Amino acid sequence: MYKELLGYKIFSDNKEELLKAIENKKRVNIISGNPEVLYNGIKNEFLKNSFTKEDALIIPDGVGTLLAAKINGIDITEKIAGIEVMNMLLEEARDKNLKVFLLGAKEDTLIKCEEKIKENYDGINIVGSNNGFFDLDNCDDLIEKINESKADILFVAMGAPRQEVFIEKYKDKLCCKIFMGVGGSFDVFAGNVNRAPQFMINIGMEWLYRVAKEPWRIKRLGSIPKFLVLSIKERGKR
């Protein structure tokens, strides 16, 4: 169910088994393991410690992660995108009456995101929300707000590494069972950004579509070759 890559335990099974793995953990921090996020962890001890804790569950999000696994002879069943897991959890939340809190993005995006989720998942219980513009070192009021909501699931959409830092820094002070950094997913729900066409997702080219639509993402691609170089070096040690 998990395969080791560059010091990380990467979930290697299918989406159905992923849901079971989430349910089997008392508390879980779901990490979208794309090359940028994993490389951040390699270069940042605070994040590496977070990503290797017992409550961490790293999903293979991104063709770069699958390529790194292949380089090292590691079999991963499928790429699992963060937004797909978010959709799965929203469905679970609706069906099991779990409480959801949305944290991140700009206020107008957050409002539209919440409206769309309620439209797509009729009856879902979104118990609170807060935009992503706040001081990470001054979160007492926000922590109180989340805890008062009694949320079971916290989705954090503030981009890497800010969202991962927030979760690790404050998760032990929060009531939630499931934590997940979801990057730009609120923008997708709000309709600000579209996911790539299915055929591009199927062939692992969603990243190219996103760069074409949001050219500022180009600067974030630099971590991919660095991550792959480390993967090649890792293979030499095996």
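Residue 109 in the numbering used here sits at position 109 of the sequence shown, with consecutive numbering throughout.
For each residue, glycine too, the CB sits at the ideal point set by N, CA and C.
A quick note: this is a predicted structure, and the numbers were derived from the prediction, not measured.
Nearest-angstrom Cα separation, counted from residue j out to residue i
i, j, result
"G184", "G159", "7 Å"
"D122", "S149", "20 Å"
"L102", "L5", "31 Å"
"P225", "K79", "19 Å"
"K96", "I167", "24 Å"
"K112", "S223", "31 Å"
"E144", "G181", "20 Å"
"K9", "D55", "11 Å"
"E23", "N202", "27 Å"
"K25", "E107", "32 Å"
"E92", "V127", "15 Å"
"F11", "I146", "28 Å"
"D152", "N125", "10 Å"
"P197", "N138", "40 Å"
"N49", "K171", "14 Å"
"A157", "S129", "11 Å"
Per-residue DSSP class, three states only, for residue i
i, result
"E4", "strand"
"I59", "strand"
"I74", "coil"
"N40", "helix"
"A157", "strand"
"K177", "coil"
"S223", "helix"
"N29", "strand"
"K79", "coil"
"I10", "strand"
"G191", "coil"
Residue burial classification, residue i (beta-carbon count within 10 angstroms, cutoff 16)
i, result
"G7", "exposed"
"P161", "buried"
"F227", "buried"
"Q163", "buried"
"E119", "exposed"
Residue i Cβ short of 7 Å to the ligand GTP heavy atom set
i, result
"D55", "No copy of the ligand GTP occurs in the structure displayed, which carries no ligand at all."
For the pair the segment 120-136 and the segment 209-217, tell me if three or more CB-CB distances fall below 8 Å.
no
Inspect the CB distances between the segment 222-237 and the segment 67-74 and report whether three or more fall short of 8 Å.
The answer is yes - the segment 67-74 touches the segment 222-237, with three or more Cβ pairs under 8 Å.
For the segment 82-106, which segments carrying the beta strand (DSSP E) assignment without a break, of at least 3 residues, lie completely within its bounds, in sequence order?
99-104
Give, in chain order, every unbroken run of the beta strand (DSSP E) that is at least 3 residues long and sits entirely within the segment 117-153.
125-130
Would you call the segment 29-40 and the segment 56-68 touching, i.e. three or more CB-CB distances under 8 Å?
yes
Could you check whether the segment 190-197 touches the segment 34-54, counting it as contact only if at least three pairs of C-beta atoms, one from each stretch, sit closer than 8 Å?
The count of Cβ pairs closer than 8 Å, one atom from the segment 190-197 and one from the segment 34-54, stays below three, leaving the stretches out of contact.
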